[in-house]
Structures are given as structure tokens and as C-alpha cells.
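First the structure, in the form of C-alpha cells, and then the observations on it.
There are 2 protein chains.
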Amino acid sequence: MPRKIDHRERRELLADALMRLAAARGLEGVSLRHVATEAGVSTGMVQHYFGTKDEMMTFALDMVMDRIRERSQDELAPASPRELVRGLLLQVLPLDETRRLENHVVLAFHAYAAVKPSIASGLREAAAETRTFLADQLRAAGPTDGVDPERAAAGLLALVDGLGLQVLSHQYAKEDAVTVLDAQLTLLLGKQQS
Amino acid sequence: MPRKIDHRERRELLADALMRLAAARGLEGVSLRHVATEAGVSTGMVQHYFGTKDEMMTFALDMVMDRIRERSQDELAPASPRELVRGLLLQVLPLDETRRLENHVVLAFHAYAAVKPSIASGLREAAAETRTFLADQLRAAGPTDGVDPERAAAGLLALVDGLGLQVLSHQYAKEDAVTVLDAQLTLLLGKQQS
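Below, the structure is given as C-alpha cells:
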């Protein structure tokens, strides 16, 4: 049992190093050796846990998705469906250092998946799950002003992906991103009753 | 005079080669030499027109923005403010091969600007101009259901950036992206009267 926990922790430690590299210089040209140096371990140790950079990127993406989910659940139980939607989407936006690092690795993954469709399945499944969750919450929080909840959920996720991209690439201020997200929730669900 | 046109054409030819590379394999590790090979010219010729990869990427981004603007104007004059908004946003989405290639270079640029803020100014200015244009058209097409037109414009641009990212990284179908965009326009401006 302790051995298994240790494995998971080591993989997370390496994925965190990958995230720092993604934020500092992008993943362009980053090798397992760079990750080893950043994490302060040997290249052999990295190779023991990840055979390839693809494997490590996929693991890092899954880890980020899990963390977003965990943070949403921790902060938001119990919460109204509308608060759950807003809370999850705020966890996706790069509003603090943790989320900025996460967004860097997700952006790098997007850019990579765009040219390597075979790696995109994890991303596609995570996005579909998130859309379904959001649609369910919107149904509970609704009505969504005549918009089909699945479509409204897809729009919210795309909005947050776009805002994240714009904040990360220095096109748009993070405070403005929150304002735009809130305007969208008001459009869909009306003014908050609280 | 002919000499100047020739320069512009050559630069566009090289930027088009860069776009094809971006779509085929990403810009990771792409050098001026790769661009020369893809364009079928000498490396010296590429270096004559672009000193660095950064310069070439900036030129390619500007070229894509110009082309999007030109296509919108060509297709949409005369058009209602609402049609102008929808038309411009459809030109941004990766709905055909031309726009798919453009989205690849824009995504690569975003990813690069995320780790190199000094290169982001062109992107920031182009985004700000587009938001202002969209806000003006929304004001003319409005009312925007209680949402400030600047904020509504920012939301539309982020939505389309996010949808583009999702389509390109194989998370979402392009037909669905158009449906989500249209749902957003209906939310903001009501059902189309035509």
C-alpha cells in the first residue's frame, strides 16, 4: 500500500515539474531530461515513471483535471447548482499561480493535440464529462433563457477556454475574464438571487 | 512599385509555408530552414525576409488577421450589424481548410505568447481592435439583453477562441461550434428577424 502512494506522489512531482517548465518556456523542445533537472531527480528516475513525453503530458493533463474537480468539490459542497457551475468554471480560469500553471500545461496539451489527434482522446473525454456535468447543473438551475442546456454548457466551457487562452497570452486581464463569465451566467440564468 | 508587391508576396508565400508546418506538426522545433524547405526556396532567401522565427510568426499572425478582415468585408458588404458580427466570427472559426490552417498558426502564436510576453503585443492589439469593432456592431444591432456591449463583445470573441481551440484539438465538432455561436447570438440579440 505505501508503495503505491509513493508511485503516485512521484509521478505528480514529475508532472508538477513539467507544469513549471510549460509555464516558464513552453513545452517546445522539452525532454524527459529537462523534467528530471527541474524536478531534481535523475533522468533514469523519470524514465522509470514515464516512457515518453506524451505519457507524461497525458498524466499531467489528467492530474490537472482531477485537481480542478477536487477543488470545486471542496469549496462548493453544499452549493446551489448555479454556484457549482460558476465555481467549477472559476477553477478552470488562470486566476492564481496554481491555475496559471495548470492552464499552461493544458494549453500546451491543446496545441499538441491539434497536430497529434491520437493524443486528443483524453482531452475529448474530459471535455465531454465537464459539459455533461455543467448541463445537468444548468438544468437544475434553469431555465436557461430558451437555450438548450447542453448547448449552454458547451458555450460556457468554450467561453472559459477562450478567456483562459486570452489571459494566458496576455491579451486580456483576469479580472475582466471573471466579469465576462458572470455576464454570461446572468444572460443564461438571470440575476443572482442572493 | 512592382518590387514592393513582390516583397509582400514572397513574405506571404513564406508565412503560408509556416502555416502548413504549424498544421502538420506544430511549430515546436520548426526553424527557418524547415520553412525554406516547405516553401521550396533557400534558407538564405528566408533569412533575407525574416531575421528570426519570432518575426515570421508575427508577420504570419498579422497576415491571418488581415485575411479574416478582408474575407469578412468581401462577403458581408452590405450587411446588417448582426450579420457583420456573425460573419466576422465565422471567419475566425476553423470551418474550412483555409481557416483551419489559420487557426493552427494563431494557436501556436497564443502558446508562444503565453511564455514570451514580449511577443504578445500584436495579439493584444488585434484582439482589442476586434472587440471594439464587435462592440460597435452590437450597439447598432442591440439591445444586448442588459449586457454591456463591450462585455458582450469580449464574451463573443472568447467564445469563438475557445470553440476554435476545441475544434482544432479534436474535442468538438465544427458544426456544433456554429450551433453554439448562433445560440449565443440569439441569447444576446433575440431571434433573427429574417
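Residue numbers (my numbering), protein chains in the order written: chain X, -5 to 188; chain D, -5 to 188. Idealized CB from N, CA, C, for every residue including glycine.
So for residue i, helix, strand or coil by DSSP?
i, result
"residue 22(X)", "coil"
"residue 103(X)", "helix"
"residue 138(D)", "coil"
"residue 160(D)", "helix"
"residue 166(D)", "coil"
"residue 90(D)", "coil"
"residue 108(X)", "helix"
"residue 114(X)", "coil"
"residue 149(X)", "helix"
In terms of alpha-carbon separation, which member of the options lies closest to residue i?
i, options, result
"residue 12(X)", "1(X), 109(X) and 34(X)", "34(X)"
"residue 110(X)", "1(D), 6(D) and 15(D)", "15(D)"
"residue 159(X)", "113(X), 29(X), 138(X) and 100(X)", "100(X)"
"residue 30(D)", "138(D), 161(D) and 5(D)", "5(D)"
"residue 32(D)", "72(D), 10(D), 125(D) and 58(D)", "10(D)"
"residue 102(D)", "125(D), 63(D) and 55(D)", "55(D)"
"residue 108(D)", "126(X), 95(X) and 45(X)", "95(X)"
With a threshold of 9 angstroms between beta carbons, is residue i in contact with chain D?
i, result
"residue 155(X)", "yes"
"residue 103(X)", "yes"
"residue 5(X)", "no"
"residue 28(X)", "no"
"residue 20(X)", "yes"
"residue 170(X)", "yes"
"residue 63(X)", "no"
"residue 25(X)", "no"
What is the residue span of the alpha helix (DSSP H) that residue i lies within?
i, result
"residue 67(X)", "47 to 70"
"residue 85(D)", "75 to 86"
"residue 186(D)", "Per DSSP, residue 186(D) belongs to no alpha helix (DSSP H) and is neither H nor E."
"residue 40(D)", "37 to 43"
Should residue i be flagged as near chain X, meaning a C-beta pair shorter than 9 angstroms?
i, result
"residue 9(D)", "no"
"residue 74(D)", "no"
"residue 39(D)", "no"
"residue 91(D)", "no"
"residue 139(D)", "yes"
"residue 46(D)", "no"
Does the count of Cβ pairs from the region 36 to 49 of chain D and the region 133 to 144 of chain X closer than 8 angstroms reach three?
-> Fewer than three pairs of CB atoms, one per stretch, sit closer than 8 angstroms, so the region 36 to 49 of chain D makes no contact with the region 133 to 144 of chain X.
Is there contact here, the region 150 to 162 of chain X with the region 147 to 165 of chain D, by at least three beta-carbon pairs under 8 angstroms?
-> Counting Cβ pairs under 8 angstroms, three or more are found: they touch.
Touching or not, the region 160 to 179 of chain X and the region 87 to 94 of chain X, by the rule of three or more beta carbon pairs under 8 angstroms?
-> In this structure the region 160 to 179 of chain X lies against the region 87 to 94 of chain X, because at least three pairs of beta carbons, one per stretch, are closer than 8 angstroms.
Could you tell me whether the region 160 to 167 of chain X touches the region 113 to 129 of chain D, using the rule of 3 or more Cβ pairs below 8 angstroms?
-> Yes, since at least three Cβ pairs between the region 160 to 167 of chain X and the region 113 to 129 of chain D fall closer than 8 angstroms, the two stretches touch.
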